[in-house]
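Structure record follows, encoded as C-alpha cells.
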Amino acid sequence: TDEQKRLAFRFLDLRRPVMQKALITRSRINQITREHFAGSGFLELETPFLVKYTPGGARNFLVPSRMSPGKFYALAESPQLFKQLFMVAGFDRYFQ
Numbered sequence: 019t020d021e022q023k024r025l026a027f028r029f030l031d032l033r034r035p036v037m038q039k040a041l042i043t044r045s046r047i048n049q050i051t052r053e054h055f056a057g058s059g060f061l062e063l064e065t066p067f068l069v070k071y072t073p074g075g076a077r078n079f080l081v082p083s084r085m086s087p088g089k090f091y092a093l094a095e096s097p098q099l100f101k102q103l104f105m106v107a108g109f110d111r112y113f114q
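Here the sequence shown stands for residues 19 to 114, numbered as in this note's numbering.
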C-alpha cells in the first residue's frame, strides 16, 4: 500500500512539506507548553522509561540489557511511583 511505501522510505516521506509542517507545529506546541508551565512555577522532571524488572503484577514488556547479558529491564507502566517520590520530596508542581 501507499502507507507501507511511505514508511519504508521514511527519510523521503519526511521531506514532504506537509510532514515537515506537522513536525514544526508539534515542536512549537511543545515549546509553548514548556514555557507556560515553567513560567507558572512548575519544574520539568524526567522519569525513566526503563525500570528494573520485578515479577508479578501486570504483564511487562521486557528489554534485554546490553551491558549485563541475561538481565532485563521493563518499560515503565505508569509514572505513579515516580510521582509519589517527587511529591514526598517536596516537588508538588512538576510536569514531564
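Even for Gly, the Cβ is constructed at its ideal location relative to N, Cα and C.
Exercise. Report, in whole angstroms, the separation of the C-beta atoms of PHE67 and TYR112, which I expect to be a contact under 8 Å.
Key: About 17 Å separates the two Cβ atoms, so there is no contact after all.
Exercise. Under the assumption that THR51 contacts GLN114 (Cβ atoms under 8 Å), give the Cβ distance between them as a whole number of angstroms.
Key: So it is not a contact: roughly 11 Å between Cβ atoms.
Quiz item: Which one or two residues does DSSP pair with PHE113 in a beta bridge?
Solution: Answer is GLU62.
Quiz item: Among ILE42, LEU63, LYS89, which one has its Cα closest to the Cα of PRO97?
Solution: The candidate whose alpha carbon is nearest that of PRO97 is LEU63.
Quiz item: Got a sec, what are the start and stop residues for the alpha helix (DSSP H) LEU99 sits in?
Solution: 98–106
Self-check item: Selection from TYR71, HIS54, PRO35 that minimises the alpha carbon distance to TYR91
Solution: Nearest C-alpha to TYR91: TYR71.
Quiz item: Got a sec? Which residues, its chain only, sit under 6 Å from ARG24 by beta carbon, not counting five neighbours each side?
Solution: ASP31
Quiz item: Is it true that the CB of VAL81 sits closer than 9 Å to the CB of LEU99?
Solution: no
Quiz item: Alpha carbon to alpha carbon, what distance is there between PHE55 and ASN48?
Solution: The alpha-carbon of ASN48 is positioned some 11 Å away from that of PHE55.
Quiz prompt | Residue range of the alpha helix (DSSP H) that includes ALA40 | solution = The continuous alpha helix (DSSP H) containing ALA40 extends over residues 35–57.
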